[in-house]
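**Q**
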Amino acid sequence: MAISLTHRALVLFAHGARDPQWAAPFQRLRQIIQAQLPDAVVELAFLELMTPKLPELAAQLQQRGCDEITVVPVFLGQGGHVSRDLPLIVAQLQQDYPAMAFRIAAAAGEDAAVLTAIAQYCIGSLGEN
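Just so we're aligned: 9 in numbering that gives the first Met the number 0 is position 10 of the sequence shown, and the numbers increase by one with no gaps anywhere.
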């Protein structure tokens, strides 16, 4: 029996950029995850320069019945945006939506498997011309 994850949301949190094409890899990542978790809510939010921002997405998720949100910073490291800005945003969201539970994962680049995959890509690029 499959467990329904529809009350839970996985939010990929990225920086944002002026060029809309910058978001394409993050959109593909969201699609890959959604395909592997068809019963889950998987969304993308941005810190700045793009929409949706995390607060507006949280409002939408609350309206959709989500009561647990896991935010995954799709950043290589735990820099200021991840270690300072994101916790402040989530603390405000927790005040705004006290019935919702928020969890922040470590930056994606802090995971050994992610670094190994990037390393393999870099090594593979030596053979490209």
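C-beta atoms are modelled at their ideal positions from N, C-alpha and C, and glycine is treated no differently.
Rounded to whole angstroms, what is the Cα-Cα separation between Gln75 and Glu47?
**A** Residue identity check: residue 75 is Leu in the sequence provided, not Gln. So the alpha carbons of these two residues sit roughly 17 angstroms apart.
**Q** Is the distance from the Cβ of Leu87 to the Cβ of Phe101 below 7 angstroms?
**A** Contact: no.
**Q** Who does Pro72 pair with in a DSSP beta bridge?
**A** Partner(s): Phe12.
**Q** Kindly indicate which residue of Gln77, Glu109, Ala13 and Cys121 has the alpha-carbon position closest to the one of Met49.
**A** Among Gln77, Glu109, Ala13 and Cys121, the Cα nearest to that of Met49 belongs to Ala13.
**Q** Mark Met0 as exposed unless 16 or more other C-beta atoms lie within 10 angstroms of its C-beta, in which case mark it buried.
**A** Because Met0 sits at a pLDDT of 43, beneath the cut-off of 50, its placement in the model cannot be relied upon, and the following sentence gives the value as read from the coordinates. Exposed: under 16 other Cβ atoms inside 10 Å.
**Q** At what residues does the beta strand (DSSP E) containing Val81 begin and finish?
**A** No beta strand (DSSP E) holds Val81; DSSP gives it neither H nor E.
**Q** For Arg17, list the residues DSSP reports as bridge partners.
**A** Arg17 pairs with nothing; no bridge assigned.
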